[in-house]
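Novice: Once you've had a glance at the structure underneath, I'll fire off some questions.
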Amino acid sequence: MPKVISLVGARPQFVKEAMIYKEVRRLSAWDYVLVHSGQHYDAYMSGAFFDQLSIKNPDHSMDIGSGSHGAMTARALERFEAVLLKERPDMVLVYGDTNTTVAGALAASKLKIPVAHVEAGIRQNPKDMPEEINRVVTDHLSRHLFTCSRTAADNLAKEGITQGVHNVGDVMYDLFLMMRSSFDGAITEKLGLKPNRFVLVTLHRDFNVDDERKLGEILKGLSELRKTLDLEIVFPAHPRTSKRIEEFGLSGLTDGIKIVPPVGYFQLMGLAENCALAVTDSGGFQKEAVFAGKRALVIMPDTGWRELTDCGWNLLAEPNSEDIVKKGLSIAQTDGTTPPTPYGDGHAAEKTVLALRSILKGATQ
């Protein structure tokens, strides 16, 4: 049976890995070797997903830890090369846009091992973002590219990548549909909120929360949005964001904003299904809000999920109070529209595994 190494290192990759591994087991597709780079390990979130989704324990843990981009990538490259030389896989599977991802693609390519990239073709400005650099390099090194949407496939075509591209949909949508019955809808009542009468906020990007002026403007905008829309604001605050609010002396701007401790995936999705709209700077949550049928105000200069802004469902907002109120009001006043569905039919993982199984079978004949 062919051997495939799946390389993960950050929480979103654990989720994608879980969905792929589930299908590999179901289809007995290949001999599966899981390698954990150790780039990031959140015991609470990882543990929940490993338990609930039955992710296998890693066969190799590289423990690269944190550090500068160069140091992390170099450690991952060196240590993953050693794993590849030991395991001699027929293919390497990488996910997303982390330092782990690009190091894995580099190591495998230099050993002439085919690379498959799940979540290929995402493009976002500015082009000097570490994640954007990782995406572009990984896509150009990969032989098999699995995209979440037609937009992502078109992005690859613009760069001359047309061979080996499979538009299968988003495995995160697979997860959402599979776990929907487990979402914690009761958290809305626990937090004293009424369904469809609150705005759900997530905020953690360094370009927003590490800048005193921008963070102050965002908080001011949320407070004014609450008054304008007559909706409550609930804000499960990332520890980094809470720390900056305190450091910058911005607590006075949070009056009327219900700041609560961080919540897990099932609680966040329960809130998403009950909110009126979302305000976020999260790459993943701006999609998950759409999965839940809700619109999102995205406080970012650009998004990798342009299909959602191009159709007008989600709106990009500048980190200033006036634009947040203006765009938030625009979203709230648009009603009765059907959410876009650019991310497949909930079978992205199955399609990915079937395609790779066929490729591997052909390569070994």
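Just so you know, we're using full-length UniProt numbering here: the sequence shown kicks off at 1 and counts up by one.
Cβ atoms here follow ideal geometry from the backbone N, Cα and C, with glycine treated the same way.
1) Under a three-way DSSP split, which group does Y32 fall into?
2) Can you look up N167 in the DSSP assignment and give me helix, strand or coil?
3) What is the residue span of the beta strand (DSSP E) that L156 lies within?
4) Between D97 and H204, what straight-line distance do the alpha-carbon atoms span, to the nearest angstrom?
5) For the putative contact between A348 and L229, defined by C-beta atoms under 8 Å, what is the C-beta separation to the nearest angstrom?
6) With respect to the alpha helix (DSSP H) encompassing K258, which residues constitute its N-terminal and C-terminal limits?
7) Just the Cα atoms here: how many angstroms apart are L84 and A74?
8) Below 8 Å on the Cβ atoms is my guess for T280 versus T202; work out the distance and round it to an integer in Å.
9) With 16 other CB atoms within 10 Å as the buried threshold, where does H69 fall?
10) Round the Cβ separation of M91 and P58 to the nearest angstrom and send it over; I've been treating them as touching at under 8 Å.
11) Which of the three DSSP states, helix, strand or coil, is assigned to S142?
12) When the distance is taken between beta carbons, is Y95 closer than 9 Å to E132?
13) Under a CB-based cut-off of 9 Å, is P130 close to chain D?
14) Output the boundary residues of the alpha helix (DSSP H) element that contains M269.
15) How many angstroms separate the CA atom of A157 from the CA atom of G249?
16) If I measure Cβ to Cβ from M72 and keep anything under 6 Å in the same chain, skipping five residues before and after, which residues do I get?
17) Which same chain residues, not among the five before or five after C148, have their C-beta less than 7 Å away from its C-beta?
18) Rank V136, K127, L77 by C-alpha distance to the C-alpha of A107 and give the top, closest one.
19) Residues in the same chain with beta-carbon distance under 6 Å from F285, minus the five sequence neighbours each way, listed in chain order, please.
20) Which residue or residues does DSSP assign as beta-bridge partners of V209?
21) Whole angstroms are fine: how far does the CA of I259 sit from the CA of E322?
22) Go through the region 211-260 residue by residue and report every complete run of the alpha helix (DSSP H) that reaches 4 residues or more, in order.
23) Using CA coordinates, which residue listed in L277, E273, L177, K112 is at the minimum distance from A186?
24) Exposed or buried, what is F235 when buried is set at 16 or more other beta-carbons lying within 10 Å of its beta-carbon?
25) Relative to the alpha-carbon of S28, which residue among L34, H36, M1 has its alpha-carbon at the smallest distance?
26) Under DSSP, the beta strand (DSSP E) around Y21 begins and ends at which residues?
27) Write down the C-beta distance between L253 and L219 rounded to the nearest angstrom, noting that I regard them as a contact closer than 8 Å.
28) Confirm, please, whether the CB-CB distance from P319 to K214 is below 9 Å.
29) For E224, I'd like the list of residues in its chain whose CB is within less than 7 Å of its CB, leaving aside the five on either flank, ordered along the chain.
30) In the structure shown, what three-state DSSP assignment does E318 receive?
31) Apart from the five residues just before and just after A105, which ones in its own chain have a Cβ nearer than 8 Å to its Cβ?
32) Let me confirm a value: Y44 is counted as buried when at least 16 other C-beta atoms fall within 10 Å, else exposed. Which label applies?
Specialist: Let's see:
1) strand
2) strand
3) Element bounds for L156: not the beta strand (DSSP E) but the alpha helix (DSSP H), 150-158.
4) 18 Å
5) Incorrect: roughly 35 Å between the Cβ atoms, too far for contact.
6) Element bounds for K258: not the alpha helix (DSSP H) but the beta strand (DSSP E), 257-260.
7) 15 Å
8) 5 Å
9) exposed
10) Their Cβ separation, rounded to whole angstroms, is 18 Å, which puts M91 and P58 out of contact at 8 Å.
11) coil
12) no
13) Among the chains of the structure shown, chain D does not appear; only one protein chain is present.
14) 265-274
15) 48 Å
16) I64, N99
17) E119, G169, D170, Y343
18) L77
19) T202
20) Bridge partners of V209: none, in fact.
21) 22 Å
22) 212-229, 239-247
23) E273
24) buried
25) M1
26) From DSSP, Y21 is part of no beta strand (DSSP E) but of the alpha helix (DSSP H) over 11-27.
27) 4 Å
28) yes
29) S321, V325
30) coil
31) V92, V94, V115, H117, V137, T138, L141, S142
32) Model confidence at Y44 stands at a pLDDT of 43, short of 50, so the residue's coordinates are unreliable; what they give is reported in the following sentence. Looking at its Cβ environment, which holds fewer than 16 other Cβ atoms inside 10 Å, Y44 is exposed.
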